[in-house]
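So the structure is just underneath, and the comments pick up after that.
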Amino acid sequence: MTLKTESRNIITSELKRRVEKIVDALNLKTFGITVYDMGVTDELISKVIDQAYLEVFTVEEVEEMVAFNQKFADRTFVLEAKVEKMVGEAMEANKDVVMEKVMKSQDSHE
């Protein structure tokens, strides 16, 4: 049995979306960097699905995971937005600590 095309497409979109979040968080779009520049090509995604998902789970289990994720997709996006906001606020509140450590690290390497 093989993975349904629709399920493969959903996983592909999700993987690209996850990497896109990294691109956004690091503000890499400013430099014109895309998910493809990060090495996330269709070939890599196909490899991830075949050599990660399908070596860890059966086709049926992957189909179940995709169905579950689709069932709760609307609330998952709301949840992700809330978590991102909360984490972003915590990071903003602690940016001085982070910057201090970065500066100390740079000073120790000079």
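Numbering of the sequence shown is given in the working numbering, commencing with residue 1 and proceeding in unit increments.
For every residue, glycine included, the Cβ atom is placed at its ideal position computed from N, Cα and C.
- Positions of the alpha helix (DSSP H) runs, each at least 4 residues long and wholly inside the region 9-56, are given as 42-48 in order along the chain.
- Leaving aside the five residues that flank Met1 on each side, the residues in its chain whose CB is nearer than 6 Å to its CB run, in chain order, Val59.
- The count of Cβ pairs closer than 8 Å, one atom from the region 16-27 and one from the region 36-56, reaches three, so the stretches are in contact.
- The C-beta distance from Ile33 to Thr12 rounds to 20 Å, too long to meet the 8 Å contact threshold.
- Between Val56 and Ser7, the gap from beta carbon to beta carbon reaches 8 Å or more.
- Distance between Asp24 and Phe77, taken at the CA atoms: about 16 Å.
- Here DSSP, grouped into helix, strand and coil, assigns Leu3 to coil.
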